[in-house]
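Peer 1:
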Amino acid sequence: LYGEASYGHIYASKILPFHFGANVFIRQKVEQGPNCGRLAGGGWKKVRHVPAGTTWHPSRDQLRGTARYGTPSEAMSAPAWSVPFNTAHYNEFLFATGDCQKWLVAKKWSVMGWYANQPRFVEKSSANHHRYKARWYRRHRNREDPWISITDHGPAVKSGDIVYGENNAGNAHASKILPMHMGANVYIRQKVVKVPDMRKIDGGGWRLVRHVPEGLNWHPAKDQLRGTAKYGKKGGPHSSHAWSIPFAGSKFDEFLFATGDGKKWLIAKKASVLGWYSNGQRRILKSSVRGSPYLARWYRRKGVRHDPHLTLRDY
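Residues in the sequence shown are numbered consecutively from 1, following our numbering.
1. Sort Lys191, Thr259, Lys302 by Cα distance to Trp44 and report the nearest one.
2. When you compare each of Gly165, Phe95, Gln281 to Thr54 by their alpha carbons, which one comes out closest?
3. How big is the Cα-Cα spacing for Tyr294 and Trp265?
4. What's the C-alpha gap between Pro308 and Gln224?
5. Nearest by alpha-carbon distance to Ala174: which of Arg189, Ser149, Val193, Asp197 is it?
6. Could you check what DSSP says for His49 in three-state terms: helix, strand or coil?
7. Under three-state DSSP, which class holds His306?
8. Could you have a look at Gly280 and say whether DSSP puts it in helix, strand or coil?
9. Suppose you measure from the CA of Asp314 to the CA of Trp243; what does that come to, to the nearest Å?
10. Could you tell me whether the Cβ atoms of Trp188 and Phe93 are closer together than 8 Å?
11. In three-state DSSP terms, what is Phe85?
12. Return the chain-ordered list of same chain residues with a C-beta closer than 6 Å to the C-beta of Ser126, the five sequence neighbours on each side being excluded.
13. Could you pull out every residue in the same chain whose Cβ sits closer than 8 Å to the Cβ of Arg131, ignoring the five residues on either side in sequence?
14. Which residues share a DSSP beta bridge with Ser73?
15. Counting along the chain, where does the alpha helix (DSSP H) carrying Ala172 start and finish?
16. What does the Cβ neighbour count give for Ile10, buried or exposed, with the cut at 16 atoms within 10 Å?
17. Is the beta carbon of Arg143 closer than 8 Å to that of Arg60?
18. May I ask you to list the residues that DSSP assigns as paired with Gln118?
19. Counting along the chain, where does the beta strand (DSSP E) carrying Tyr11 start and finish?
20. Of all the options Asn117, Lys230, Ala88, which has the alpha carbon lying nearest to the alpha carbon of Lys108?
21. Use the C-beta contact count for Met180: other C-beta atoms within 10 angstroms, 16 or more gives buried, fewer gives exposed.
22. For His129, which beta-bridge partners are listed by DSSP?
23. Span of the alpha helix (DSSP H) holding Val186?
24. Using the beta-carbon count (16 or more within 10 Å), is Pro146 buried or exposed?
25. Starting from Ala96, trace the beta strand (DSSP E) both ways and give me its first and last residue.
26. At the level of alpha carbons, what is the spacing between Met112 and Leu63?
27. Give the secondary structure of Leu208 by DSSP, where H, G and I count as helix, E and B as strand, and everything else as coil.
As structure tokens, then:
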């Protein structure tokens, strides 16, 4: 199919006269790779990419989404790139290798925060389609963090299950996975879950006054449910941020405490919630576990800022 210097003989006469000569073509082949954006229900937007190689992402923003570099491309062989996503509305991350063979989905709140070899929630992954925990790192001033992995960080380094790192970090953290899996990518999405309207519980008439999103910490308020705290921009029952409006001056005689999915809730009189008590029995009018009044032991101690602790059963 090819020769030079006008060379002839049978090397040419046996093919060129019968096949309209011969041609040479060139191209820059773009390795598209599989579409990882369809994983776990789809709806993902790719925001960061690192090609196959022996170093992780050049970014140093610890996944805040402020880094911008390179030119966005769908090519798996494209140089590393990142677009800002710090102002985007999203609540989930997808970390996936370029060939989509190794991946995990995690809530934004599970990825962010500060932790060192601490268990963090994974919603699902290529290894487990049910929620579980894996030990990750996201430390102050450690530019290679966060380290996100399908399994606990230590074993993941050896088994090639690290799916995210920064600051061009290398060693086995990168060499065990990036070269053989077409690099890695980061995706984000806003997952919307349909849940019942909690304002209709027990006949309705409820007014939402305080909210904390899914995560590992309770309400920022320190007013012990007096209703004086005001923080955050008022949103809905599924806002991605904590918020509270004052309700101390409002006329009401009952509280409804409910999870965001409406699966766990209780109703109690204002007088039962307020007052001072330590492991004291307080009256619940009804709840998701019982449709008639009963008692549960709660805490609301004077000067203890994380009180009250209100529970469906004894604390």
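Idealized CB from N, CA, C, for every residue including glycine.
Peer 2: By the coordinates alone:
1. Residue numbering aside, residue 44 sits at position 44 when the sequence shown is read from its first letter. Ranking the options by Cα distance to Trp44, first place goes to Lys191.
2. The residue labelled residue 54 in the question sits at position 54 within the sequence shown. Nearest option by C-alpha distance: Gly165.
3. Counted from its first residue, the sequence shown places residue 294 at position 294. Counted from its first residue, the sequence shown places residue 265 at position 265. Roughly 14 Å separates the two Cα atoms.
4. For the purposes of this step, residue 308 is taken as the residue at position 308 of the sequence shown. For the purposes of this step, residue 224 is taken as the residue at position 224 of the sequence shown. Distance between the alpha carbons of Pro308 and Gln224: 6 Å.
5. Locating residue 174 in the sequence shown gives position 174, counting from the first residue. Measuring from the Cα of Ala174, the nearest candidate turns out to be Ser149.
6. Sequence index remark: in the sequence shown, residue 49 carries index 49 (1-based). If DSSP states are grouped into helix, strand and coil, His49 belongs with the strands.
7. As a first step, residue 306 is located in the sequence shown; it is residue number 306 there, counting from the start. In the structure shown, His306 sits in coil (DSSP, three-state: anything other than H, G, I, E or B).
8. By one-based count along the sequence shown, residue 280 stands at place 280. Of the three classes helix, strand and coil, the one that applies to Gly280 here is strand, per DSSP.
9. The residue you call residue 314 lines up with position 314 of the sequence shown. The residue you call residue 243 lines up with position 243 of the sequence shown. Rounded to the nearest angstrom, the gap between the Cα atoms of Asp314 and Trp243 is 28 Å.
10. Stepping through the sequence shown from its first residue, residue 188 is reached at position 188. Stepping through the sequence shown from its first residue, residue 93 is reached at position 93. According to the sequence shown, residue 188 is Ile rather than Trp. It is a contact, given that the beta carbons lie within the stated cut-off.
11. For the purposes of this step, residue 85 is taken as the residue at position 85 of the sequence shown. The answer is coil: DSSP assigns Phe85 none of H, G, I, E or B.
12. Here residue 126 refers to the residue found at position 126 when the sequence shown is read from its first residue. Excluding positions up to five away in sequence, the list reads Lys102, Trp103.
13. Stepping through the sequence shown from its first residue, residue 131 is reached at position 131. Closer than 8 Å at Cβ, skipping near neighbours: Phe121, Val122, Glu123, Lys124.
14. If you number the sequence shown from 1, residue 73 lands on position 73. Paired residue(s): none; Ser73 is not in a bridge.
15. Reading the sequence shown from its first residue, position 172 is the one you call residue 172. First-last of the alpha helix (DSSP H) with Ala172: 172 to 175.
16. As a working note, residue 10 is residue 10 in the sequence shown. The residue in question, Ile10, is exposed, as its Cβ has fewer than 16 Cβ neighbours within 10 Å.
17. Residue numbering aside, residue 60 sits at position 60 when the sequence shown is read from its first letter. Residue numbering aside, residue 143 sits at position 143 when the sequence shown is read from its first letter. Closer than 8 Å, so yes.
18. Translated into the one-based positions of the sequence shown, residue 118 becomes position 118. Its beta-bridge partners are Trp136.
19. Counted from its first residue, the sequence shown places residue 11 at position 11. Tyr11 -> not in any beta strand (DSSP E); alpha helix (DSSP H) instead, spanning 10 to 13.
20. For this step, residue 108 is matched to residue 108 along the sequence shown. The option with the nearest alpha carbon to Lys108 is Ala88.
21. Position 180 of the sequence shown, counted from the start, is the residue given in the question as residue 180. Met180 should be labelled exposed.
22. In the sequence shown, residue 129 corresponds to position 129, counting from 1. Per DSSP, none; premise fails for His129.
23. In the sequence shown, counting from the first residue as 1, residue 186 sits at position 186. Unbroken run through Val186 is the beta strand (DSSP E), 184 to 189; no alpha helix (DSSP H).
24. Looking up residue 146 in the sequence shown gives position 146. Burial call: buried.
25. Counted from its first residue, the sequence shown places residue 96 at position 96. Per DSSP, Ala96 belongs to the beta strand (DSSP E) from 92 to 97.
26. Along the sequence shown, read from residue 1 onward, the residue named residue 112 stands at position 112. Along the sequence shown, read from residue 1 onward, the residue named residue 63 stands at position 63. Distance from the CA of Met112 to the CA of Leu63, rounded to the nearest whole angstrom, comes to 8 Å.
27. The sequence position of residue 208 within the sequence shown is 208, counting from 1. In the structure shown, Leu208 sits in coil (DSSP, three-state: anything other than H, G, I, E or B).
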